[in-house]
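I have placed the structure first, in the form of structure tokens, so that the comments after it can refer back to it.
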Amino acid sequence: MATVTKLDNGLKIILKHIPEATAVSVWVGYRIGSRNERPGMTGSTHWVEHMLFKGGGKLKKGDVDTLVSRLGGKYNAFTDTDFTAYFETVPADAIDTALFIEAERMRNAAFDEKEFQAERTVVISEREGAENMPEFLAEEELWSNAFHIHPYHWLPIGWKQDLQRLDRDTMYRHYLRYYAPNNAAMIVVGNFDRAGVMDKIRDKFGGFKPEQPPEPMTLVEPPQMGERRAVIRKPGSVDHIFAGWHIPEFAHEDTARLAVMSAVLAGWRGFNPFAYAGWRPRSNRLYKALVEAKLATDVICKADVKVDPGLLVAHATVKMGVPVEKVEEVLLKEMDRIKKNPPTKAELEVAKTQIHAWSGFENDGVTYQGMMTAFFEMAVGFEGYDRFMAAVDRVSAKDVQEVARKYVNEESRTVVHFLAQEVKP
Amino acid sequence: MIQPQRTVLDNDMAVLYQPMPANPFVAFHGCLWAGTASEDKRGAADMTARLLLGGTKSKKADKLAEETEKLGATLEFRNAEEAVHFGGRCPRKTAPKVFGIVVDCLSNPAFPPSETERTRGEVLDEIRIDMDETARRAAKELMESLYPNHLYGRDPRGEASDVKRIKRSDLVSHHKGHYGPQGMILTMSGDVDREFVEKQIAPALSKFDGDGGKPKLAVPSSSRRSVKVAAMPHKSQVDIALGLRAIPRNHRDYYSLSMVNLLFGQIGLYGRLGRNLRDTQGLAYYSFSALDPRLVAGHWAIVAGVNPENLQKAIDGMRMEIERLHKEPLTEQEITNGKDNQVGSLKVMLERNAEMAGEMFRMEYFGLGLDYLKRFPDIVRGLTPDQIHEAAEKYIRLEDCSLAVAGPVKKDRQISL
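So the protein lines, in turn, are chains A and B. Just so it is clear: in the first sequence, position 129 is 129 by our numbering, and no numbers are missing. Just so it is clear: in the second sequence, position 255 is 1255 by our numbering, and no numbers are missing.
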């Protein structure tokens, strides 16, 4: 059971005490992601995340690294479209170190100009590494075609042209405005002193002043008026197809139905991208129609639910020698079929069993529990996880059929082909 | 303190388990000695392992998948150079049935022609995809240089030409000759206890029978230094793999060398190497070192992904850090940090079921003993600066390094190491 406290400055604290754990994981999530960026400054949120490992306040450059490493701990950060999150997992008796780091990070980052410039090439290198992968290029094309108005038009890494131009002061202002207690939630999961932990948190964070919160989102993506298509031709090994359909925001009542539908179509691999561990679900419609039928070597379908309306994304890796059009035809036919042929009792049972089993797998250990709590807190409130699981139980075959009819339509579809061209030496 | 339990079944399978009450499901990891080292025909081990989920004598592939997923389980088999690995997760209540499926897959694969052809196509595409990925391509080139004409230097899947030649009879023969429980390992972590393992899991596992056993692995001959360039002009970034032959896991210098590796290119944001290449020069998003000790040999490698314009600068940085290891040996403070990291990590790095199952697996695989985790802090604390410096001096030598780069560089580009 979690306990929730809110400090006077607006910082929300979620504590999950697990006495059997040998470690404690401290997460701080900020309600700032690439959705809060505007053209010309794309990728800035992610770049800020990088800068927050470079010291400031009582932390010298490299201190985060040294302090956590000495303890044998884990640490990292993630920038999403909707939020940014930081964590340290340390031995249970070393929670003070994690709280100290996060407190300095929240208000005292240095943003040294020299460090800022050195990080530019690191961030660009991260992007260029991703550009080596056809899947990244195709996914970027998918979102940028499906969203013309809303900032989901770009991925959190940002456009390279912006990364080449962004300046330190813009970024620092971004940091000061959004890295404030009233725009954050702290999650502490694991073994800690229940009696004393809140005093420690108040001591470190209680003195921070709130800032003006992010402006409410005013950019609303208008309904798509027809299918959009894009083609990337680039040397490569195999073709890929990505297809996306507009779906509502995470908080919408259809989210659980869409999750069950995606599980029926392509299996369930959870919300936590680190937990799937290379597993491939095989008892699902798209696997049978595409992989078993030797048209594709892999297929995924996932409702990418976000704070604002997102996309249902299907991706097939086309088998060598198979025309991409053939794979697209079967993929789309299978996506459509669920409107006429709702899931059988057995299909529904497998989908729900998987989602429930994964709730254990993706909450394995204090770090993952911290991640899942932070992820849900940022999207819909951390209690949303239990609501989601309960809603999954209530989903019927007819519900799945209805959400398919509502969202899986040609007029709201975007299709991207990555067509691998011959590699010339 | 973590103290795994171990039991050996009548069929010689070793089962290790560790309760983790905070994580209420079962994660498992196992292996049997039917990997590439055991194959008579190249590529047979890999195809056989993949086809374990391709249907058994009593269940077709789709039925197997449906049954497994209905139990809320994940299950995969994966071939590697020395052994075939398997792993997955499931709720406690369905674990007996899941292990029943594991044993059915291991004992009775049917190798149906349709699934065999599908799998062949999948392997061929996978090889093709890997050849187009800069990091994998650089790693492959480096491994071929480090282990010429040896199992460790080859793709465990076989080359595309091998995969095309494999017949169903090769798979049947590989399975018949090498799939048995002798020396097999299974580790489980999470919602497990003695009674559960002995009464509910062991009966299913004990049914596994067949011929198998640990293959004799040849010690690889020495490697010859090389510089290789895989030109991939259509890519944005170059991947660099620089490495040398090191030591097997059970070598007496393992812990000293492991400490050198930790401090050189692992700890925090990639140790000394990361501070130079990423933090100071801003050349790479990732740049780290890894020690990969195996049963009869091992290697140490640095990898990094950089813009092609920065290729030589990054290699120079790697070279400088290797030379610095000798000119400015690891300091007392660095070594203390490294020791603290290793000892502290026991409480943090084994917090997940999957991590615990993996660690127990390594304990059994390399014969480290059930008390390994208890002894580990003393082993680390007992390392002297001299031992660590000697390991760096003896094993991390620039003159032994081979280099492979893959990405948008010309094949004839001059690269100095």
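Just so you know, even glycine gets a beta-carbon here, dropped at the ideal spot from N, CA and C.
For this session: Compute the minimum distance between the beta carbon of B/PRO1215 and the heavy atoms of the ligand PLP, and state whether it is under 8 Å.
Result: The model on display carries no ligand, and the ligand PLP is accordingly not part of it.
Exercise. Starting from B/SER1345 and walking both ways along the alpha helix (DSSP H), at which residues does that stretch end?
Worked result: Within the second sequence, the letter at position 345 stands for residue 1345 of chain B. 1332-1348 is the extent of the alpha helix (DSSP H) around B/SER1345.
Problem set entry | Partner residues on chain B for A/ASP112, Cβ-Cβ distance less than 9 Å | Position 112 of the first sequence, counting from 1, holds the residue named residue 112 of chain A. Within chain B, no residue comes near A/ASP112; the closest Cβ sits about 12 Å away, beyond 9 Å.
Exercise. Are the stretch 1102-1110 of chain B and the stretch 1036-1046 of chain B touching, with three or more C-beta to C-beta distances below 8 Å?
Worked result: no
Problem set entry | Residues that A/SER69 contacts on chain B, provided the C-beta gap is smaller than 7 Å | Looking up residue 69 of chain A in the first sequence gives position 69. Chain B residues near A/SER69: ILE1267, GLY1268, ASN1337, ASN1341.
Exercise. Are the stretch 278-294 of chain A and the stretch 247-259 of chain A in contact at 8 Å, needing three or more beta carbon pairs?
Worked result: no
Exercise. Rounded C-beta distance between B/SER1287 and B/ALA1304? I'm assuming under 8 Å.
Worked result: The count along the second sequence starts at 1 and reaches residue 1287 of chain B at position 287. The count along the second sequence starts at 1 and reaches residue 1304 of chain B at position 304. Yes, they are in contact, since the Cβ atoms of B/SER1287 and B/ALA1304 sit about 4 Å apart, within 8 Å.
Problem set entry | Option nearest B/ILE1388 by Cα separation, candidates B/GLN1005, B/ASN1307, B/LEU1257 | For this step, residue 1388 of chain B is matched to residue 388 along the second sequence. B/ILE1388 has its Cα closest to that of B/LEU1257, out of B/GLN1005, B/ASN1307, B/LEU1257.
Exercise. Terminal residues of the continuous alpha helix (DSSP H) containing B/ASP1125?
Worked result: On the second sequence, residue 1125 of chain B is found 125 positions in, with the first residue counted as 1. Here the alpha helix (DSSP H) through B/ASP1125 covers 1113-1131.
Exercise. In chain order, what residues of the same chain have a beta carbon less than 8 Å from the beta carbon of A/LYS306, not counting five sequence neighbours either side?
Worked result: On the first sequence, residue 306 of chain A is found 306 positions in, with the first residue counted as 1. These residues qualify, in order along the chain: ARG35, THR81, ASP82, TYR152, GLU249, PHE250, ALA379.
For this session: Give the DSSP bridge partners of B/LYS1228, in chain order.
Result: Here residue 1228 of chain B refers to the residue found at position 228 of the second sequence. DSSP output for B/LYS1228 lists B/ALA1404 as bridge partner(s).
Problem set entry | Neighbour list for A/ARG282 in chain B, Cβ cutoff strictly below 9 Å | Taking the first residue of the first sequence as 1, we reach residue 282 of chain A at position 282. By Cβ distance, chain B contributes LEU1053, ALA1061, ASP1062, LEU1064, ALA1065, GLU1066, THR1068, GLU1069.
Problem set entry | Bridge partners - A/VAL28, DSSP secondary structure assignment | The sequence position of residue 28 of chain A within the first sequence is 28, counting from 1. Its beta-bridge partners are A/TYR86, A/MET186.
For this session: At 9 Å on the CB atoms, spell out the chain B contacts of A/ARG120, in chain order.
Result: Position 120 of the first sequence, counted from the start, is the residue given in the question as residue 120 of chain A. Those within 9 Å of A/ARG120 in chain B are GLY1282.
Exercise. Which residue's Cα is closest to the Cα of A/PRO210: A/ASN182, A/GLU221, A/VAL313?
Worked result: For the purposes of this step, residue 210 of chain A is identified with residue 210 of the first sequence, where counting begins at 1. Measuring from the Cα of A/PRO210, the nearest candidate turns out to be A/ASN182.
Problem set entry | Integer Cβ distance of A/ILE149 from A/LEU265, believed to fall under 8 Å | Here residue 149 of chain A corresponds to residue number 149 of the first sequence, with the count starting at 1. Here residue 265 of chain A corresponds to residue number 265 of the first sequence, with the count starting at 1. About 28 Å separates the two Cβ atoms, so there is no contact after all.
Exercise. Out of curiosity, what's the CA-to-CA distance linking B/LEU1325 and B/LYS1339?
Worked result: As a position in the second sequence, residue 1325 of chain B is number 325, starting the count at 1. As a position in the second sequence, residue 1339 of chain B is number 339, starting the count at 1. Approximately 18 Å between the Cα atoms of the pair.
Exercise. Going along the chain, which residues of its own chain have a beta-carbon closer than 6 Å to the beta-carbon of B/ALA1083, five neighbours each way excluded?
Worked result: Position 83 of the second sequence, counted from the start, is the residue given in the question as residue 1083 of chain B. CYS1031, TRP1033, GLY1035.
Exercise. What is the rounded straight-line gap between the Cα of B/GLY1369 and the Cα of B/GLN1005?
Worked result: Here residue 1369 of chain B is taken as the residue at index 369 of the second sequence, counted from 1. Here residue 1005 of chain B is taken as the residue at index 5 of the second sequence, counted from 1. Their Cα atoms are separated by approximately 11 Å.
For this session: Check whether the Cβ of A/ASN132 lies closer than 9 Å to any Cβ atom in chain E.
Result: Absent here is chain E; the protein component of the structure consists of chains A and B.
For this session: Identify, in the order they occur along the chain, each residue of the same chain with its Cβ nearer than 8 Å to the Cβ of A/LYS326, setting aside the five sequence neighbours on each side.
Result: The residue you call residue 326 of chain A lines up with position 326 of the first sequence. For A/LYS326, where only same-chain residues beyond five positions count, the Cβ hits under 8 Å are LEU295.
Problem set entry | When B/GLY1210, B/ILE1240, B/ALA1357 are compared against B/MET1143, the one with the closest alpha-carbon | Here residue 1143 of chain B refers to the residue found at position 143 of the second sequence. Taking only the C-alpha atoms, the option nearest B/MET1143 is B/ILE1240.
Exercise. If B/ALA1204 sits next to B/VAL1103, beta carbons under 8 Å apart, how far is it from one beta carbon to the other, in whole angstroms?
Worked result: By one-based count along the second sequence, residue 1204 of chain B stands at place 204. By one-based count along the second sequence, residue 1103 of chain B stands at place 103. Right, the Cβ-Cβ distance comes to about 6 Å (below 8 Å), so this counts as a contact.
Problem set entry | First through last residue of the beta strand (DSSP E) which encompasses B/GLY1158 | As a first step, residue 1158 of chain B must be located in the second sequence, where it is residue number 158. B/GLY1158 -> no beta strand (DSSP E), and no H or E assigned at all.
Exercise. Any C-beta of chain B sitting closer than 9 Å to the C-beta of A/PHE375?
Worked result: To locate residue 375 of chain A, count along the first sequence from 1; it is residue 375. Taking Cβ atoms only, chain B never reaches closer than 9 Å to A/PHE375, which makes this a no.
For this session: Please name the residues in the stretch 1006-1040 of chain B whose beta-carbon is closer than 9 Å to at least one beta-carbon of chain A, in chain order.
Result: MET1020, PRO1021, ALA1022, ASN1023, PRO1024, PHE1025, ALA1027
Exercise. Measuring CB to CB, does A/HIS240 end up less than 9 Å from A/ALA316?
Worked result: As a first step, residue 240 of chain A is located in the first sequence; it is residue number 240 there, counting from the start. As a first step, residue 316 of chain A is located in the first sequence; it is residue number 316 there, counting from the start. It is a contact, given that the beta carbons lie within the stated cut-off.
Exercise. If we cut at 9 Å on Cβ distances, does A/SER262 have a partner in chain B?
Worked result: In the first sequence, residue 262 of chain A corresponds to position 262, counting from 1. No, because no Cβ of chain B sits closer than 9 Å to the Cβ of A/SER262.
Exercise. Smallest Cα separation from B/GLU1390: which of B/THR1280, B/TYR1254, B/ARG1413?
Worked result: The count along the second sequence starts at 1 and reaches residue 1390 of chain B at position 390. Residue B/TYR1254 is the option with its Cα nearest to B/GLU1390.
For this session: Determine the contact status of A/LYS12 and A/ALA185, defining contact as a CB-CB distance below 9 Å.
Result: If you number the first sequence from 1, residue 12 of chain A lands on position 12. If you number the first sequence from 1, residue 185 of chain A lands on position 185. Cβ distance < 9 Å, so A/LYS12 and A/ALA185 count as in contact.
Exercise. Does DSSP put A/VAL48 in a helix, a strand or coil?
Worked result: Position 48 of the first sequence, counted from the start, is the residue given in the question as residue 48 of chain A. Reduced to three states, the DSSP call for A/VAL48 is helix.
Exercise. Under three-state DSSP, which class holds B/ILE1240?
Worked result: For the purposes of this step, residue 1240 of chain B is identified with residue 240 of the second sequence, where counting begins at 1. Residue state, collapsed to three classes: strand.
For this session: Please list, in chain order, all residues of the same chain as A/ALA374 whose beta carbon is under 6 Å from its beta carbon, the five residues on each side excluded.
Result: Counted from its first residue, the first sequence places residue 374 of chain A at position 374. Counting only Cβ-Cβ distances below 6 Å, and skipping sequence neighbours, we find TRP27, GLY29, ALA85, ILE187.
Problem set entry | Proximal residues to A/PRO281 (C-beta, below 6 Å), its chain only, five neighbours per side dropped | The residue labelled residue 281 of chain A in the question sits at position 281 within the first sequence. Contacts found: GLY267.
Problem set entry | chain A contacts from the stretch 1071-1091 of chain B (Cβ-Cβ distance under 9 Å) | LEU1071, GLY1072, ALA1073, THR1074, LEU1075, GLU1076, ARG1078, GLY1087, GLY1088, ARG1089, CYS1090, PRO1091
For this session: Spell out whether any CB of chain A is found under 9 Å from the CB atom of B/HIS1178.
Result: In the second sequence, counting from the first residue as 1, residue 1178 of chain B sits at position 178. No, its Cβ sits nowhere closer than 9 Å to a Cβ of chain A.
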